[in-house]
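Heads up: the structure comes next, in structure tokens.
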Amino acid sequence: MAAIDPESNPADAKVSLQKDEHGVTAHQIEKLSEVNDHLGHLVGQEDHQLSPLQAIKKYPWQALWCLYAAWIIVLASFEGVAGGNVIGIPQFRQDFGSKYAGDYVLDGKWQSAINGGPNASIAIGTLISAYISDVIGRKWMLMIGCLLGYAGITLEIVANDIAVFFAGKFINGFAIGVYLNVGVTLVGEVWSSTFLIPLIKFTLGTNFVCDKLAPLALRGVMTAVLAVSYSIGPLLATIIMNFTSDTTTRWAYRAIFASQYGFLGLVTIFWFFMPESPWWLMTKDREDKAERSLRTLGVSEEEMPKRLAIMKVTLAKISQESEGVTYLECFRASNLRRTVITIAPLTIQALCGIGFIGSYFTYYAQLAGYSTSASFHLTIIQQILSLTGSCTSVFLIDRVGRRDLTLWALIGLTVLLMIAGGLGTQTENEAAIKGVIAFELLYTLWYNASIAASAYTLLAETATTRLRAKSIALGVALQNSVFTMWAFVLPYIFNPDQANLGAKTAFIFGGVSVLCIVYIWLYQPETAGRSFEELDELFMKRIPARKFKTYKTETERQSERAMEAEQILSVVNKE
Numbered sequence: 003m004a005a006i007d008p009e010s011n012p013a014d015a016k017v018s019l020q021k022d023e024h025g026v027t028a029h030q031i032e033k034l035s036e037v038n039d040h041l042g043h044l045v046g047q048e049d050h051q052l053s054p055l056q057a058i059k060k061y062p063w064q065a066l067w068c069l070y071a072a073w074i075i076v077l078a079s080f081e082g083v084a085g086g087n088v089i090g091i092p093q094f095r096q097d098f099g100s101k102y103a104g105d106y107v108l109d110g111k112w113q114s115a116i117n118g119g120p121n122a123s124i125a126i127g128t129l130i131s132a133y134i135s136d137v138i139g140r141k142w143m144l145m146i147g148c149l150l151g152y153a154g155i156t157l158e159i160v161a162n163d164i165a166v167f168f169a170g171k172f173i174n175g176f177a178i179g180v181y182l183n184v185g186v187t188l189v190g191e192v193w194s195s196t197f198l199i200p201l202i203k204f205t206l207g208t209n210f211v212c213d214k215l216a217p218l219a220l221r222g223v224m225t226a227v228l229a230v231s232y233s234i235g236p237l238l239a240t241i242i243m244n245f246t247s248d249t250t251t252r253w254a255y256r257a258i259f260a261s262q263y264g265f266l267g268l269v270t271i272f273w274f275f276m277p278e279s280p281w282w283l284m285t286k287d288r289e290d291k292a293e294r295s296l297r298t299l300g301v302s303e304e305e306m307p308k309r310l311a312i313m314k315v316t317l318a319k320i321s322q323e324s325e326g327v328t329y330l331e332c333f334r335a336s337n338l339r340r341t342v343i344t345i346a347p348l349t350i351q352a353l354c355g356i357g358f359i360g361s362y363f364t365y366y367a368q369l370a371g372y373s374t375s376a377s378f379h380l381t382i383i384q385q386i387l388s389l390t391g392s393c394t395s396v397f398l399i400d401r402v403g404r405r406d407l408t409l410w411a412l413i414g415l416t417v418l419l420m421i422a423g424g425l426g427t428q429t430e431n432e433a434a435i436k437g438v439i440a441f442e443l444l445y446t447l448w449y450n451a452s453i454a455a456s457a458y459t460l461l462a463e464t465a466t467t468r469l470r471a472k473s474i475a476l477g478v479a480l481q482n483s484v485f486t487m488w489a490f491v492l493p494y495i496f497n498p499d500q501a502n503l504g505a506k507t508a509f510i511f512g513g514v515s516v517l518c519i520v521y522i523w524l525y526q527p528e529t530a531g532r533s534f535e536e537l538d539e540l541f542m543k544r545i546p547a548r549k550f551k552t553y554k555t556e557t558e559r560q561s562e563r564a565m566e567a568e569q570i571l572s573v574v575n576k577e
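Below, the structure is given as structure tokens:
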């Protein structure tokens with residue numbers, strides 16, 4: 003068989019792709035890699051010049067299906083907050099709790115269970131769904147998640163016993179894990195279907211895809227969009243609870259769970275029109291179906307052979323690079339720095355207090371003397387600030403940079419936590435109580451405008467290609483472990499019938515955040531505006547974290563030369 007000329011159109015390579023598990027021989031992979039390398043440098047430079055709005059206008063169908071994926075994330079976040087804030091509804095505490103000091107409180111062990119148990123099932127659901135969806139596809143995995151969701155919601159609604167309610171929450175946790183996995187995967191694989199940059203799919207198990215598969219212009223923005231989606235669900239849940247929480251029947255809390263049927267119903271309706279991931283279809287050698295999926299996503303007939311050819315080569319390279327990878331490799335001396343840098347920001351999210359501020363705000367307001375109605379009004383304000391912060395992060399993440407945004411986020415959050423904790427020592431002072439509420443609201447805004455988005459972007463960008471799957475799995479697993487730990491511990495620290503620290507709990511998270519600031523300052527590099535090839539070069543040369551932003555890489559020089567050569571060729575062809 004004739005060799006493939008690196009200067010030829012990659013579409014011509016289609017006829018020669020046939021041998022390994024993805025239909026490509028090792029010799030052809032090597033030859034086509036030369037084509038991909040050239041295109042990668044060229045398109046990488048073009049991506050530096052492409053704005054997010056231009057990318058969306060160029061690929062509208064992909065944008066629409068990303069909105070569907072975002073709605074799946076809204077569904078996941080809605081259920082997460084609905085279950086956590088339900089302890090702020092007096093009727094729920096009365097039906098499932100016991101009397102204490104003239105009011106009703108939920109037993110600490112059950113409060114820990116209904117907060118911590120779902121965190122564990124979410125993590126398990128995310129990991130298991132990653133493997134199953136590689137067998138049956140993203141679309142059918144989503145349907146399984148929907149069926150689990152319907153079962154969990156029904157148990158939450160009909161529960162007359164706290165154990166039955168916990169079972170519903172636990173089952174719904176598996177569904178949320180599926181939603182998160184499939185939702186983020188769709189965003190990555192839908193966008194990746196239209197760009198020529200050599201793509202490396204990174205996974206939880208094998209398919210947790212995020213902004214590595216988005217173009218450079220949208221890499222930070224798409225991650226931030228997911229953060230915005232994750233803020234919409236809690237806002238909607240809080241608004242519904244505000245209207246039902248004063249009811250003196252079981253529907254004070256049942257209404258919020260019943261409303262999930264509507265959110266899940268929309269996901270189910272559009273599921274029938276949802277295209278299967280072309281990347282998954284290509285891994286199963288279903289090229290005809292992958293072509294139909296790409297056509298549904300707006301890929302033109304002229305571009306189709308080129309897309310399919312590059313997808314084949316990319317998947318073959320992924321298979322070669324990931325062969326034999328183990329978790330132990332992440333901790334070897336040559337990889338340890340990148341592994342730590344990859345997983346640290348997401349773990350810091352769980353350490354800096356968002357689990358406390360997010361889950362206990364409504365309950366604290368009631369313990370501090372606010373009425374049920376007033377406490378939920380304040381929670382609506384909190385969720386509006388959360389959404390505002392998430393929208394702001396879309397503009398900040400690339401302009402400020404990942405490292406700087408995370409660093410200043412932690413400094414601001416630490417100050418707010420310490421002030422809130424200090425004011426919390428004045429339990430009888432009405433002005434101090436209002437101050438705690440105000441600083442917790444500011445915390446919510448600042449957190450969502452910064453580290454809520456930057457941590458996920460850093461998670462996606464800093465892992466080495468070969469170990470990306472394992473590194474991200476470690477990061478997400480560690481974050482979920484920390485969140486689960488806090489969910490079990492916080493009721494015993496915060497509740498009035500336990501240690502009764504109340505707002506003084508903020509001191510704990512403020513102290514931990516100081517240590518996190520030191521880490522970010524010393525070890526976290528800037529990745530904004532860097533291609534993944536550039537990041538590999540920076541880590542290989544052991545460039546200090548604080549010099550990542552200004553260092554001129556050889557990859558940048560090659561991209562600039564490729565662009566100049568393309569411009570010269572264009573001028574020559576015109577002449």
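Just so it is clear: in the sequence shown, position 129 is 131 by the working numbering, and no numbers are missing. Ideal Cβ placement from N, Cα and C applies to all residues, glycine included.
For residue i, name the three-state secondary structure that DSSP assigns.
i, result
"residue 1", "Nothing about residue 1 can be reported from this structure: the residues present for the chain run from 3 to 577 only."
"residue 100", "strand"
"residue 569", "helix"
"residue 236", "helix"
"residue 368", "helix"
"residue 355", "coil"
"residue 429", "coil"
"residue 528", "coil"
"residue 123", "helix"
"residue 174", "helix"
"residue 546", "coil"
"residue 162", "coil"
"residue 41", "Caution applies to residue 41, whose pLDDT of 47 falls short of 50 and renders its modelled position unreliable; the model cannot decide the point."
"residue 334", "coil"
"residue 452", "coil"
"residue 139", "coil"
"residue 61", "coil"
"residue 327", "coil"
Check each candidate in the options and name the one with the smallest Cα separation from residue i.
i, options, result
"residue 231", "490, 356 and 386", "386"
"residue 336", "58, 468, 519 and 409", "468"
"residue 278", "270, 291, 287 and 170", "291"
"residue 370", "338, 344, 503 and 455", "503"
"residue 132", "495, 526, 472 and 555", "472"
"residue 180", "145, 102, 361 and 396", "145"
"residue 348", "233, 329 and 464", "464"
"residue 505", "55, 177, 402 and 364", "364"
"residue 375", "249, 410 and 538", "249"
"residue 67", "513, 388, 261 and 187", "187"
"residue 329", "122, 252 and 466", "466"
"residue 253", "483, 451, 96 and 440", "96"
"residue 82", "123, 103 and 366", "123"
"residue 554", "488, 565, 400 and 536", "536"
"residue 88", "357, 175 and 243", "243"
"residue 273", "280, 71 and 257", "71"
"residue 235", "228, 80 and 148", "80"
"residue 406", "327, 361, 317 and 524", "524"
"residue 151", "415, 177 and 410", "177"
With burial defined as no fewer than 16 other Cβ atoms inside 10 Å of the residue's Cβ, what is the status of residue i: buried or exposed?
i, result
"residue 85", "buried"
"residue 47", "Its pLDDT being 49, under 50, residue 47 is placed unreliably in this model, and the value from its coordinates should be taken loosely. With 16 or more Cβ atoms within 10 Å of its Cβ, residue 47 is classed as buried."
"residue 333", "exposed"
"residue 168", "buried"
"residue 559", "exposed"
"residue 481", "buried"
"residue 442", "buried"
"residue 572", "exposed"
"residue 540", "buried"
"residue 265", "buried"
"residue 350", "buried"
"residue 173", "buried"
In terms of residue numbering, what span does the beta strand (DSSP E) encompassing residue i cover?
i, result
"residue 105", "105 to 107"
First and last residue of the alpha helix (DSSP H) that includes residue i?
i, result
"residue 554", "Neither: residue 554 is in no alpha helix (DSSP H) and is coded neither H nor E."
"residue 466", "Here residue 466 belongs to no alpha helix (DSSP H), and DSSP marks it neither H nor E."
"residue 1", "Given that the chain is displayed from residue 3 to residue 577, the structure contains no residue 1 and the question cannot be resolved."
"residue 387", "374 to 401"
| field | alpha helix (DSSP H) segments (min. 4 residues) lying fully within the region 250 to 306 | value | 253 to 260, 262 to 273, 280 to 285 and 289 to 298
| Which ranges does the alpha helix (DSSP H) cover as unbroken runs of at least 4 residues, wholly within the region 495 to 524, from first to last along the chain? | none
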